[in-house]
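In this note's numbering, the protein residues as written are -13 to 353.
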């Protein structure tokens, strides 16, 4: 928590969201068949933040470090999100070939993480929220800064030891799409601001929507090390899988937060039937957004260029994007993702050559 007063409140907060590699959208971090887009950002994250009174800047992970820093210096906070881990530390063989773009994403997220820590150490309150893969990555980046600083290729990305990441560090959080109640610990951190009425209500209703995957084990070998810098705000016990994992956490020294679930999905994704799209779920989703946006309001950095805001980019439907990325076989492509429309960056539209007239590929400049 910050000790800033209400007179310091920024009523025009701007939050950056790191885009994802295209291979993450297709549900495969190892192979990427199309190069007609550079990165994407699900619209649900954007709407979720805007709903609490903040504007959004997409931070393209493909940006050079100077451009990345020029964006960060205009923001009041950052979100690192996604659904598929860049490196599945729990199960991937050491000889796995990780997609090059995923490695670039890891370098970008680490640059943001290091910059945010430096800003906070200098007294500039700068919140970071990890959702899904961001939830995992914030902890791993703090545990293994040397590992992240050396990532250059697939081999270096798989160069970690059992001691660094024990096999039991991650446990299965879900084997299907599901939702669990919000059970706060006796150290709720910023989430302690939730009213007692809602604490009781959300503890009795399935409001935390979780996708199939892994989460941080509350009983792993590294948990004591993690607890040195993290405060566990919420836990989940999965009775069927017989696992217990960290649901929400806060860093002790920095305004960094992690959520294993996807709060943005409740109000803005309409694909999976297990998403708790009830009045209770909607209120919960909004409160999670409000808490983070209010943290970002404590940062008074001002936006310099309106041109970097999300409003300057095009929102695409899944079918529209598939037609662009895979013009020859878009109808046979199957999307694994649970969200609907997304922003895509670095899009290149290709037109076919005809016997009468040759048309050159047309590119949309959106970087």
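Note that the Cβ used here is the ideal one computed from N, Cα and C, for glycine as well.
Going residue by residue through the region 56 to 138, where are the continuous alpha helix (DSSP H) segments of at least 4 residues, counting only ones entirely within it? 86 to 107, 119 to 129 and 131 to 135
Taking just the CA atoms, how far does residue 284 sit from residue -6? 6 Å
In whole angstroms, what is the alpha-carbon distance linking residue 112 and residue 312? 40 Å
DSSP beta-bridge partners for residue 411? For residue 411 there is no data in the structure shown, the boundaries of the chain being -13 and 353.
Helix, strand or coil, according to DSSP, for residue 244 in the structure here? strand
Please state the DSSP three-state secondary structure of residue 324. Its pLDDT being 49, under 50, residue 324 is placed unreliably in this model, and the value from its coordinates should be taken loosely. Of the three classes helix, strand and coil, the one that applies to residue 324 here is coil, per DSSP.
CA nearest to the CA of residue 162, picked from 216, 180, 307 and 198: 198
Ignore the nearest five residues each way along the sequence and tell me which others in residue 93's own chain have a CB closer than 7 Å to its CB. 137
Between residue 260 and the rest of its own chain, which residues show a CB-CB distance below 8 Å, the 5 nearest in sequence each way excluded? 162, 163, 164, 165 and 195
Close-in-space but distant-in-sequence residues of the same chain around residue 369 (CB under 8 Å, 5 per side omitted): Here the chain comprises residues numbered -13 to 353, so residue 369 is not present and cannot be evaluated.
Through-space distance from residue 128 to residue 243, alpha-carbon basis: 13 Å
If we call anything under 8 Å between Cβ atoms a contact, is residue 119 one with residue 68? yes
Have a look at residue 167 and residue 182 and give me their C-alpha separation to the nearest angstrom. 15 Å
Relative to the C-alpha of residue 95, which candidate in 268, 122 and 80 has its C-alpha closest? 122
What residue range does the beta strand (DSSP E) around residue 237 cover? 229 to 237
Three CB pairs or more closer than 8 Å across the region 22 to 35 and the region 261 to 279: yes
For residue 98 and residue 58, believed in contact at Cβ under 8 Å, the rounded distance: 7 Å
Helix, strand or coil for residue 34? Go by DSSP, reduced to three states. helix
Can you give me the C-alpha to C-alpha distance between residue 104 and residue 51, rounded to a whole angstrom? 15 Å
Could you check the C-alpha separation between residue 23 and residue 6 for me, to the nearest Å? 11 Å
Taking buried to mean at least 16 other C-beta atoms within 10 Å of its own C-beta, is residue 287 buried or exposed? buried
Using the rule of at least 16 other Cβ atoms within 10 Å of the residue's Cβ for burial, across every protein chain shown, is residue 29 buried or exposed? buried
Please report the residue range of the beta strand (DSSP E) in which residue 219 lies. 216 to 224
Residue 357 in three-state terms, based on DSSP: Outside the displayed span of the chain (-13 to 353) sits residue 357, for which this structure offers no information.
Anyone know if the C-beta pair for residue 200 and residue 159 falls short of 8 Å? yes
Would you kindly check if the distance between the Cβ of residue 236 and the Cβ of residue 176 is under 8 Å? yes
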